[in-house]
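Novice: Take a look at this one; I'll ask things after.
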Amino acid sequence: MEKTYNPKEFEDRLYKEWEEGDCFKAVRDDSKVPFTVMMPPPNITGQLHMGHAMDETLQDTIVRFKRMQGYCALWLPGTDHASIATEVKVVEQVKKEGLSKESLGREGFLQRVWQWTDKYNARIVQQLKKLGSSCDWSRLTFTMDEKCSKAVREVFVNLYNKKLIYKGSRIINWCPCCKTGISDVEVEYAEENGSFWHINYPVEGEDICLEVATTRPETMFGDTAVAVNPKDKRYKHLIGKNVILPVVGKAIPIVGDEHADMEKGTGCVKITPAHDPNDFEVGLRHNLPVVRVMNDDGTMNELAGKYAGLDRYECRKKLVEELKASGALVKVEPHTHNVGHCYRCNTTIEPIVSKQWFVKMEKLARPAIDAVTDKKVTFVPERFAKIYYNWMENVKDWCISRQLWWGHRIPVWYCEDCGKEICVKDDPKTCPDCGSKRLNQEEDVLDTWFSSALWPFSTLGFPDDTSDLEYFYPGDVLVTGYDIIFFWVARMIFSGLEHMRKVPFRDVLIHGLVRDEKGRKMSKSLGNGVDPLEVIDKYGADSLRFSLLQGVAPGNDTRYSDAKVEACRNFMNKIWNASRFVIMSAEGAKVKPLEEVKLSHADKWIISRLQSAIRDVTLTLNKFEFGVACQIMYDFMWSDFCDWYIELVKPALKSDDEAKRDGALSVLVFVLENALKLLHPFIPFITDEIYRNLPNTEGTIMTKEFPRYNAKRAYKKDAASFEGIKEIITAVRAAKTELDCPPSRKVSLYIVTESKRLISANQDSILKLAGAKEIHFISSPEEAGDKTVTKVLSVGTIFIPMGELVDLEKEKARLEGELEKVNGEIQRADGKLNNSGFISKAPKKLVDDERAKLNKYVEMREKIINQLKNL
RNA sequence: GGGGGCAUAGCUCAGUUGGUCAGAGCGCUUGCUUGACAUGCAAGAGGUCGAUGGUUCGAGCCCAUUUGUUCCCACCA
């Protein structure tokens, strides 16, 4: 093995071996319990970013853990066609060649998108592999694959037949740039400085005007009423009369509607049903005509009269001028308001009435809410369930049609002859009513999330009753960020319930965002994104993975920093070197099973620590507490194993006693091998590379059994008593530092203790690690001489003669400090024990422990006081 | 307007049924070429856990109020 950890040397090689060895493949095995994770399919438009890196690392860790535990673990990968995002990109691309969607035609354009897909699909898969993702690539699914299309049609037709899908005129968010409707969740709001134009609408036949205010004056061409509140005394009497629309000169009615807020502005509202969601509702209540005055590209249509063909903002400018000139414009106020923007191109959204397809949500939402209340689906952390409820309980019908070309085309045909609407799974040849062959398919495609919603079962062969679907559905855990709970998680839950009659997964593990070093969201516009591949190139995939898990609380955002990855890389280096030491020491030695080894206190101690680590890592991983699990392994490897155990066994390794040497080595190898297995789900590459170099191993670590807690090997008592040895060593080291004594100077130790046997047995370790030359057991402090440094410990009291090296004043000060500390402890314990509430109500064990502590401290105090006297 | 999150050592953050929980990493101080590792070793300094009140024998941990900060949803004629 090389001297320093060099991940580049083995990461790609190992991944290839895993893949070629079919280690990721999940094949139905009825002797095993399935464990299913569906990868949230990354968009083919994107590169792998830190958010993916975190998402995939979490999933991979869970899956590797479960796989090693003996589950038939399936991690199914895939990619998403991302209809609008991809279409925008490809339009941009062909634009550079002077082409457009229209010039290419539907077929031609889609061909280009497929080319694009093939290229970038491969790229993202490659990137996922670099991370070490152990997914079953033989099942890689693209949301536009044949099997997904089949599922989409099945579901669409079923919902259509159940009347849960309908076509209707509604106000939708229209993006004039993408020329498609987008769903509410795809709209991003931002504060903008605009104006409030106050316009006078003269009342017909009266000498008064109603003043209305608007932020979008150009929509006045579509006004079909002015509303006032029916309770408003100022205007009540005018209800039923008409106002004259300025510029247009058309008479429109004054209606009474609650929507008009008496407190707000003048209390009069212009009603434009075709261009405002609230106005649309008002229009329905009063049976007002819906007059659309804008084209799909954001220009005004012929109803805008002389402004027809002008862009909406150009029209606004000119119209305002005209209103001003005619005196209709009362005033203009500056006004900041939230304006919706397209999440893809950031163009200002125009609410426009339009014919769209919708999924009726009411009936679907109820069971989906119940599934979470009934704990059939559990959000981790729990608080995200609230966000889910909040949305589900107020969910509106889902607009699923998009005026795009890239996506699943809506399976509805219209008969050119009799006008029949046909919705069927297989392309119809003739009209079932009139037999006509002149059928035209609906132009619109479906919202991307329509196919994503089916992901948990479309990937397994739905609607066919496949063996996989039966075995692997429902999934066990879905891992994703909190930003797509609405878009995706909610829709998968109700889709699973509706079409599979079962929830799609039991747990939803929600993680936070990976932010930049300053805590800002990583974004293209800020240019602060960190490329995971560059990080992997620099530090290795394991370091990146570990840094994304360690110290992160479930559901919380985390900051990326090079410093953190570097710290993790150092940990990898530590593991690497410790292993190198073990492997080098093992050369030529016999590694025996633990049963054949006589175990020392230190051996039992480290094995005991290992058992704790096994127990706690298993426990925390089952609860998805990755941050805690990482910390346990970090401390175990670095502190317990490297800093203590390896140092402790070095003498034995150099010993001439073969049995002793082989024994120590057997324990070293045993502990390391188990630790590597515990670490493998987090850091798969380095653990496997080392594992393959360990004696008596064969093949890859990833298919080995995850360690199980062994109570017999917990050695609780031995482990606890060995802590006393560590205490002595630490105390001597500290004494030297406190007195500026070089650590290399060997000192004599005098010990008053009742644990003589324990200390004798570990004499070599103490001498070596504490830097001592001899240990004398004495029965009274005087035997140590009069000038000593004293350490009062739970295993006994140690005295170190310091001769002239000792600064008496310094030692006195130290002891006084110590005395103060002990006094504090006594006071605390005393207080507790004098509290009758504590004595009577706290568990007996705690009270006893406290009493024991008090006794110990009182004893210590006496000893320290004695020592001070001696000085 | 509705709902969250966060506030713990100089910095970034852990702390999940209230009882060795006051922690880690980085940074800082002091000392170490201790034959796995200076991407290292040893010993340290550093925090009244945002504020106030409450529940409890006992509270970063539970409740109420409050301050600051941040996010999501809704609305904004």
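Just so you know, the first sequence maps onto residues 157 to 1027 in this note's numbering.
Positions of the beta carbon are idealized from the N, C-alpha and C atoms, including for glycine.
#1: Look at the alpha carbon of H237 and the alpha carbon of I666, and state the distance between them as a whole number of angstroms.
#2: For E960 and V738, I'd like the C-alpha separation in whole angstroms.
#3: Buried or exposed for S822, please, with buried defined as at least 16 other CB atoms from any protein chain shown within 10 angstroms of its CB.
#4: Between which residues of its own chain and H757 is the CB-CB distance below 8 Å, once the five residues before and five after are set aside?
#5: Can you have a look at Q1023 and say buried or exposed, based on whether 16 or more other CB atoms are within 10 angstroms of its CB?
#6: Indicate whether the contact test is met: 3 or more Cβ pairs, each with one atom in the segment 727 to 738 and one in the segment 834 to 842, closer than 8 Å.
#7: Work out the CA separation of V773 and R326 for me, nearest whole Å.
#8: Does the Cβ of V246 have 16 or more other Cβ atoms within 10 Å, making it buried, or fewer, making it exposed?
#9: Give me the Cα-Cα distance between C590 and N596, rounded to the nearest whole angstrom.
#10: Assuming R864 contacts I770 (C-beta within less than 8 Å), just tell me the rounded distance between them.
#11: Look up N494 in the DSSP assignment and give the residues it is bridged to.
#12: Please state whether DSSP places M745 in a helix, a strand or coil.
#13: Are the Cβ atoms of I200 and T273 separated by less than 7 Å?
#14: Could you name each continuous beta strand (DSSP E) segment of 3 residues or more that falls completely within the segment 590 to 678, going from the start of the chain to the end?
#15: Per DSSP, what kind of secondary structure is Y499 in: helix, strand or coil?
#16: Do the CB positions of Y1013 and E974 come within less than 7 Å of each other?
#17: Can you give the Cα-Cα distance for Y695 and L705, rounded to whole angstroms?
#18: In three-state terms, what does DSSP make of R223?
#19: Whole-angstrom Cβ separation of A697 and E167, contact assumed at under 8 Å?
#20: Quick check: the Cα distance between C897 and V903, rounded to an integer number of angstroms?
#21: Short check: CB of Q559 to CB of D600, under 7 Å?
#22: Considering only the beta carbon of each residue, do R715 and R671 sit closer than 7 Å?
#23: Short of 8 Å in beta carbon distance, which residues of its chain neighbour A416, apart from the five on each side in sequence? Order them along the chain.
#24: How do the segment 297 to 306 and the segment 454 to 461 stand: do at least 3 beta-carbon pairs fall below 8 Å, yes or no?
#25: Name the DSSP beta bridge partners of L366, please?
#26: Using the Cβ count rule (16 or more neighbours within 10 Å means buried), how would you classify Y391?
#27: Taking the C-alpha atoms as reference points, what is the distance between E598 and K519?
#28: Look at T299 and S607 and say whether their C-beta atoms are less than 7 Å apart.
#29: Along the chain, which unbroken stretches of the alpha helix (DSSP H) at least 4 residues long are found entirely within the segment 906 to 978?
#30: Taking K159 as part of the alpha helix (DSSP H), name the residues at either end of that continuous run.
#31: In whole angstroms, what is the alpha-carbon distance linking L755 and K806?
#32: Return the CA-CA distance between S681 and A346, expressed in angstroms with no decimal places.
#33: Would you report the Cα separation of R676 and N684, rounded to the nearest angstrom?
#34: Would you check if the distance between the CB atom of D603 and the CB atom of I556 is smaller than 7 Å?
#35: Quick check on DSSP: helix, strand or coil for R169?
Specialist: By the coordinates alone:
#1: 23 Å
#2: Because the pLDDT of E960 is 47, which lies under 50, any placement of that residue in the model is unreliable, and the number read from its coordinates should be weighed accordingly. Looking at the two C-alpha atoms, the distance is approximately 42 Å.
#3: buried
#4: D874, S877, F878, I881, L914, A917 and N918
#5: buried
#6: yes
#7: 53 Å
#8: buried
#9: 14 Å
#10: 7 Å
#11: E347
#12: Residue 745 is actually Ala in this sequence, not Met. Here A745 sits in coil by DSSP.
#13: yes
#14: 595 to 597, 631 to 637 and 661 to 667
#15: coil
#16: no
#17: 16 Å
#18: helix
#19: 6 Å
#20: 10 Å
#21: yes
#22: yes
#23: A383, V384, N385, D388, G423, C424 and V425
#24: no
#25: Y357
#26: buried
#27: 26 Å
#28: yes
#29: 912 to 917 and 919 to 926
#30: Where K159 is concerned, there is no enclosing alpha helix (DSSP H), given that its DSSP letter is neither H nor E.
#31: 15 Å
#32: 15 Å
#33: 8 Å
#34: yes
#35: helix
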